[in-house]
Structures are given as structure tokens and as C-alpha cells.
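Engineer: According to the working numbering, the stretch in the sequence shown is residues 1262 to 1397, in order.
For each residue, glycine too, the CB sits at the ideal point set by N, CA and C.
My questions will all concern the structure given below.
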Amino acid sequence: MRIQLSEALCGFKKTIETLDNRVLVISSRPGEVIKHGDLKCIYNEGMPIYKSPMDRGSLIIQFLVQFPEQHWLPREKLNMLEALLPPREDVMITDEMDQVDLEDFDPSEQTYRNSGGEAYEEDEEGPRTGVQCQTS
1262 MRIQLSEALC GFKKTIETLD NRVLVISSRP GEVIKHGDLK CIYNEGMPIY
1312 KSPMDRGSLI IQFLVQFPEQ HWLPREKLNM LEALLPPRED VMITDEMDQV
1362 DLEDFDPSEQ TYRNSGGEAY EEDEEGPRTG VQCQTS
């Protein structure tokens, strides 16, 4: 189930239709934070249990948290948002460390790196020989 970041942090109410055409209203508990990939369940609302059609299993829901697009918040309001969130981890930077930039990654642009083979492949290609049975 897709939810917005604001819903993941502040709560939500959503509807979900069951296989028997009922509509369930689900909501998160106050103060509960839903993380991307979290699994939650609704007891007795899942698939019928084999050889026990009156009983049902759990309806399992995986949450996909959608983050806002780039630059959705004006730069001057970032400090206000940061003040509401848990604090960042401080990092002690020393002269021995190299500071680098984080860039977007596109796997299609990296194919040239793999053209030389994988690190675990042998340098020499060719048929592998091993112990063989002698034939007469």
C-alpha cells in the first residue's frame, strides 16, 4: 500500500477492498511511524484457510512510503522541518578523511566497468579440465 511520507510520520486512514467486496478502513495508531517496506496485518481478513472456509488468515499489507520530489520545500523552510525531526548524527571530520560528493547513480552508464569480467572470474578462459575416466 502506498502512503505519503506525511502519512507515514503523522498517521493515516485508508480504505482497502477485500476479495468479498467489503471495504475495510485501516488507520495507523497515534505516534506510530510506518517505515518503507514495513509489513502489517489485519487478522481474520485474509484468504480462506484450506478445509476451513469459515476461517480466514491474515491480510498482510506491505507499505511503500512515497517521498516528496526534489526541492518540494523552499530552502528557507528546511530549518523548520529539521527542528521537528530527530537530530542528525554529528560526524567528526579529520584532515585524514577525503570529502566527496554523492551523485545520482545510473546502472546503464556503468556497463563499461563490467566489460572486463567479474572479480571472481578466472583470468584465463577456456575449458576446465578435471579427472576423467579412461576409455579403451
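Which residues in the same chain as R1317 place their Cβ atom closer than 7 Å to its Cβ, once the five residues preceding and following it in sequence are excluded?
Structural biologist: Taken in chain order, the residues that qualify are N1305, E1306, G1307, M1308, P1309 and I1310.
Engineer: Report the residue from K1312, F1366, L1300 and M1341 whose alpha carbon sits nearest the alpha carbon of L1227.
Structural biologist: Outside the shown range of the chain, which is 1262 to 1397, sits residue 1227, and nothing can be said about it.
Engineer: Given 8 Å as the limit, is there contact between the segment 1339-1348 and the segment 1289-1300, that is, 3 or more CB pairs closer than that?
Structural biologist: Short answer: they don't touch.
Engineer: Taking the continuous alpha helix (DSSP H) assigned at E1343, which residues delimit it?
Structural biologist: L1339 to L1345 is the span of the alpha helix (DSSP H), which, as asked, contains E1343.
Engineer: For I1321, count neighbouring Cβ atoms within 10 angstroms of its own Cβ and tell me buried if that reaches 16, exposed if not.
Structural biologist: The residue is exposed, with fewer than 16 neighbouring Cβ atoms inside 10 Å.
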